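Positions 36 to 564 (my numbering) are the ones given, in order, by the sequence shown.
What follows is a set of notes on a single structure, which appears directly below.
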Amino acid sequence: MHRLRRLEILFLLGAILFVVAVVGIRLFFLWRDHGEAMESARETVADVASVLEQYAVRTLEVSDITTRMVNLHIGNEGGILALADRYRTHRFLDEIADKLPANGIIWIVDRFGRLVAASDRYPGLEVEVTEYPWWRAHALGGEQTYVGRAAPMPADGEIRFTFSRKVPDEQGEFHGVILIFFEPDLVQGRFFSDELAGNAITGMYLRNGHIVARSPLREDQVGRELSRAPLFSAIGRSAGTYRAESAVDGVDRLVSFRRLDEWPVVVAAGVPVRDVLSRWRSEAWLSAVPLSVALLAFAVLTWVALRSGRRERAKYVALQSAKHELEQALADRQILFQEVHHRVKNNLQVTSSLLQMQAARFEDPAVRSAFRETQDRLRSIGLIHETLYQANKATNVELSSYLQRLVEGLSATYGAADRGIDVQTDFAPVTVKLDEAVPLALLVNEVLTNAFKHAFPAGRRGTVKVSARRAGGNLHVTVRDDGPGMPESTKKNSLGLGLIDALVQQLDGRYRFETRDGTMFHLEVPGRQ
Numbered sequence: 036m037h038r039l040r041r042l043e044i045l046f047l048l049g050a051i052l053f054v055v056a057v058v059g060i061r062l063f064f065l066w067r068d069h070g071e072a073m074e075s076a077r078e079t080v081a082d083v084a085s086v087l088e089q090y091a092v093r094t095l096e097v098s099d100i101t102t103r104m105v106n107l108h109i110g111n112e113g114g115i116l117a118l119a120d121r122y123r124t125h126r127f128l129d130e131i132a133d134k135l136p137a138n139g140i141i142w143i144v145d146r147f148g149r150l151v152a153a154s155d156r157y158p159g160l161e162v163e164v165t166e167y168p169w170w171r172a173h174a175l176g177g178e179q180t181y182v183g184r185a186a187p188m189p190a191d192g193e194i195r196f197t198f199s200r201k202v203p204d205e206q207g208e209f210h211g212v213i214l215i216f217f218e219p220d221l222v223q224g225r226f227f228s229d230e231l232a233g234n235a236i237t238g239m240y241l242r243n244g245h246i247v248a249r250s251p252l253r254e255d256q257v258g259r260e261l262s263r264a265p266l267f268s269a270i271g272r273s274a275g276t277y278r279a280e281s282a283v284d285g286v287d288r289l290v291s292f293r294r295l296d297e298w299p300v301v302v303a304a305g306v307p308v309r310d311v312l313s314r315w316r317s318e319a320w321l322s323a324v325p326l327s328v329a330l331l332a333f334a335v336l337t338w339v340a341l342r343s344g345r346r347e348r349a350k351y352v353a354l355q356s357a358k359h360e361l362e363q364a365l366a367d368r369q370i371l372f373q374e375v376h377h378r379v380k381n382n383l384q385v386t387s388s389l390l391q392m393q394a395a396r397f398e399d400p401a402v403r404s405a406f407r408e409t410q411d412r413l414r415s416i417g418l419i420h421e422t423l424y425q426a427n428k429a430t431n432v433e434l435s436s437y438l439q440r441l442v443e444g445l446s447a448t449y450g451a452a453d454r455g456i457d458v459q460t461d462f463a464p465v466t467v468k469l470d471e472a473v474p475l476a477l478l479v480n481e482v483l484t485n486a487f488k489h490a491f492p493a494g495r496r497g498t499v500k501v502s503a504r505r506a507g508g509n510l511h512v513t514v515r516d517d518g519p520g521m522p523e524s525t526k527k528n529s530l531g532l533g534l535i536d537a538l539v540q541q542l543d544g545r546y547r548f549e550t551r552d553g554t555m556f557h558l559e560v561p562g563r564q
């Protein structure tokens with residue numbers, strides 16, 4: 036009962052451990068795949084940021100070289116106000132603008148803020164630029180070059196960012212501005228893989244937090260100041276990667292940035308975390324379905340097994356109860372058999388004592404001998420029941436121990452030791468049923484009694500050997516003496532031999548006597564299936 040309960044508990048614990056192990060292993064692989072996806076995205080945005088850095092450096096360096104070329108052209112013409120052939124200057128600007136990235140447009144503005152020449156139009160327009168940050172940086176701040184944030188152009192309001200250079204006069208004073216307008220999507224998200232490109236962002240920002248270029252860039256984002264965004268908290272370093280919610284659109288992104296040492300700008304690339312983990316989530320959900328089905332099936336099987344275990348436990352309880360009743364009945368039967376054997380032995384002893392008392396009334400030695408032989412037979416039967424009683428067995432007799440006691444009892448009865456008769460035994464462990472033990476006992480008693488009575492006349496010494504063993508499944512019992520041999524008259528007229536014949540038939544056995552070098556009695560009893 037307790038063993039079955041322990042097995043049920045162990046099975047339940049094993050099932051729980053199995054579920055925990057399966058779920059734990061799956062969670063471990065999900066955690067590992069999550070980490071790998073994030074790490075791969077980190078590497079990707081870091082690589083894109085590196086490309087953006089090179090792209091931005093190239094754009095700004097080309098812009099620097101271009102403005103120098105325009106400034107040289109202005110110097111060769113005698114200054115901005117001396118540009119006589121405006122059309123030739125327009126053609127010059129248009130020609131070099133074709134070599135600029137991101138559809139660059141070149142303007143030349145004089146010190147009064149008037150458009151003198153442009154690569155995208157001829158003749159120029161009447162525009163007012165004195166309020167623009169790039170104008171103020173050169174006219175009032177004395178900046179030689181300036182990278183401007185994304186803002187509407189003075190001419191048509193199209194959103195562009197700027198690179199500008201101050202044009203000095205002969206005394207180095209402010210004489211005008213050479214200005215290049217760039218489309219703000221020069222860092223388009225084409226650097227990303229297809230699965231990340233859709234919602235990826237790339238951008239270039241001034242270090243004060245203004246957007247220079249961003250892809251994508253909406254109109255409501257133009258002019259926003261992002262100095263409190265995580266990006267500008269991190270640009271104390273030259274490069275880095277972090278995860279944060281975007282200050283522009285509120286999207287949780289993985290962002291990598293690089294600071295340009297030669298220019299006052301920072302480039303950054305970012306991808307939404309939801310896109311990074313989209314494939315991981317899909318695989319997680321796909322794996323969750325078969326895992327859930329498998330766990331459900333396992334739970335059902337566990338429930339069935341536990342239910343079956345409870346039924347088996349109930350059967351076991353009933354079986355144990357029945358077993359206890361059978362054991363109690365068997366114990367009662369055993370006690371009853373012991374009591375029967377004890378009483379049979381006592382009754383045989385009483386009968387033997389009565390025979391002894393009756394024999395004392397006769398003077399004739401033959402009569403007394405007959406009584407004593409009957410007593411020996413009764414004693415041999417009583418010894419069987421005593422053996423069963425002492426061995427606490429109901430029907431099986433340990434033949435070796437029984438024969439040993441029988442031989443010792445008969446030897447003492449006939450004074451074998453005092454007569455110089457050496458009794459030797461060789462008994463192998465043999466067990467027989469009660470219905471075999473009684474005839475075997477009477478047979479050995481009869482043959483051994485004859486040996487003690489007839490094989491050794493007065494004054495003759497000798498040896499008697501008794502053995503019993505199984506061979507080939509059959510029981511072999513041998514009684515041998517080295518006396519003069521059995522007379523023929525004894526074989527024909529002996530009551531004992533008639534009794535031997537009857538007992539052997541009862542055992543379904545066969546026997547023989549040999550009278551060479553004494554007398555040898557051999558009994559073979561077939562083994563029972």
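Using N, Cα and C, we set each Cβ at its ideal position, and we do this for glycine too.
Small disclaimer: the values here were computed from a predicted structure and weren't measured.
Hey, Ile143 and Ala132: beta-carbon distance below 7 Å or not? Your numbering for residue 143 matches position 108 in the sequence shown. Your numbering for residue 132 matches position 97 in the sequence shown. In this structure, Ala132 does not lie closer than 7 Å to Ile143 by Cβ.
Is Lys527 helix, strand or coil by DSSP? As a first step, residue 527 is located in the sequence shown; it is residue number 492 there, counting from the start. Low confidence applies here, because Lys527 scores a pLDDT of 48, under 50, leaving its location unreliable and the question unanswered by this model.
Exposure label - Arg249; buried when at least 16 CB within 10 Å: Translated into the one-based positions of the sequence shown, residue 249 becomes position 214. That one is buried.
Opening and closing residue of the alpha helix (DSSP H) in which His210 lies: Numbered from 1 along the sequence shown, position 175 holds the residue referred to as residue 210. Here His210 belongs to no alpha helix (DSSP H); instead the beta strand (DSSP E) covers Phe209 to Phe217.
Beta-carbon proximity check, Phe196 vs Val247, cutoff 7 Å: As a first step, residue 196 is located in the sequence shown; it is residue number 161 there, counting from the start. As a first step, residue 247 is located in the sequence shown; it is residue number 212 there, counting from the start. Yes, the pair counts as a contact, with Cβ atoms nearer than the cut-off.
Local Cβ density within 10 Å of Lys527, reported as buried at 16 or more and exposed below that: Looking up residue 527 in the sequence shown gives position 492. Residue placement at Lys527 is flagged as unreliable, the pLDDT there being 48, under the threshold of 50; a coordinate-derived value is accordingly withheld.
DSSP three-state assignment for Asn509, whether helix, strand or coil: Stepping through the sequence shown from its first residue, residue 509 is reached at position 474. Three-state result, Asn509: strand.
Rounded separation between Glu71 and Ala303 - CA only: Taking the sequence shown and counting its residues from 1, one reaches residue 71 at position 36. Taking the sequence shown and counting its residues from 1, one reaches residue 303 at position 268. Straight-line Cα distance between these residues: approximately 22 Å.
List in chain order: all unbroken beta strand (DSSP E) runs of 3+ residues lying wholly within the stretch 533-563. 545-549 and 554-560
Alpha-carbon spacing of Ala447 relative to Leu361, whole angstroms: As a position in the sequence shown, residue 447 is number 412, starting the count at 1. As a position in the sequence shown, residue 361 is number 326, starting the count at 1. One C-alpha to the other measures close to 44 Å.
Return the residue from the list Arg547, Asp536, Arg505 and Gly533 that minimises the CA-CA distance to Gly562. Residue numbering aside, residue 562 sits at position 527 when the sequence shown is read from its first letter. It is Arg505 whose Cα lies nearest to the Cα of Gly562.
Decide if Lys201 is buried, meaning its Cβ has at least 16 other Cβ atoms within 10 Å, or exposed. The count along the sequence shown starts at 1 and reaches residue 201 at position 166. The residue is buried, with at least 16 neighbouring Cβ atoms inside 10 Å.
Please go through the same chain and pick out, in chain order, the residues whose beta-carbon is closer than 6 Å to the beta-carbon of Gly567, but skip the five residues on each side of it. Missing from the structure shown is residue 567; the chain here goes from 36 to 564 and no further.
I'd like to know if the stretch 95-105 and the stretch 61-71 are in contact, where contact means that at least 3 CB-CB pairs between them fall below 8 Å. no
Quick check on the DSSP output: the alpha helix (DSSP H) that includes Ala447 runs from which residue to which? By one-based count along the sequence shown, residue 447 stands at place 412. Note, Ala447: alpha helix (DSSP H), Leu434 to Thr448.
How about the stretch 534-550 and the stretch 487-496: do they share at least three Cβ pairs that are nearer than 8 Å? no
Span of the alpha helix (DSSP H) holding Glu471? As a working note, residue 471 is residue 436 in the sequence shown. Taken as a continuous stretch (DSSP letters only), the alpha helix (DSSP H) holding Glu471 covers Leu469 to Asn485.
Is the CB-CB distance between Ser291 and Val86 below 7 Å? Residue 291 sits at position 256 when you count from the first residue of the sequence shown. Residue 86 sits at position 51 when you count from the first residue of the sequence shown. Contact flag unset, no.
Are the Cβ atoms of Pro265 and Ala279 separated by less than 7 Å? The residue you call residue 265 lines up with position 230 of the sequence shown. The residue you call residue 279 lines up with position 244 of the sequence shown. Cβ atoms of Pro265 and Ala279: closer than 7 Å.
Among all the DSSP beta bridges, which residues are the ones paired with Val302? Counting from 1 along the sequence shown, the entry for residue 302 is found at position 267. In DSSP, Val302 forms a bridge with Met239 and Arg293.
Leu214 and Ala569 - do their beta-carbons sit closer together than 7 Å? In the structure as shown, the chain begins at 36 and stops at 564. Residue 569 is therefore absent and cannot be evaluated.
Simplified DSSP state of Val247, which is helix, strand or coil: Counted from its first residue, the sequence shown places residue 247 at position 212. Here Val247 sits in strand by DSSP.
Nonlocal neighbours in the same chain, by C-beta distance under 7 Å from Ser442, ignoring five residues either side: As a first step, residue 442 must be located in the sequence shown, where it is residue number 407. First, the residue type needs correcting, since residue 442 is Val and not Ser in the sequence shown. Answer for Val442: Val458, Thr460, Leu483 and Val501, listed in chain order.
Touching by the beta-carbon criterion (3+ pairs, under 8 Å), the stretch 539-552 and the stretch 473-482: yes
Taking the continuous beta strand (DSSP E) assigned at Phe127, which residues delimit it? Here residue 127 is taken as the residue at index 92 of the sequence shown, counted from 1. Phe127 -> not in any beta strand (DSSP E); alpha helix (DSSP H) instead, spanning Arg121 to Ala132.
Backbone CA spacing between Glu297 and Leu135 [nearest angstrom]: Working through the sequence shown from its first residue, we reach residue 297 at position 262. Working through the sequence shown from its first residue, we reach residue 135 at position 100. If I take the Cα positions, the gap works out to 20 Å.
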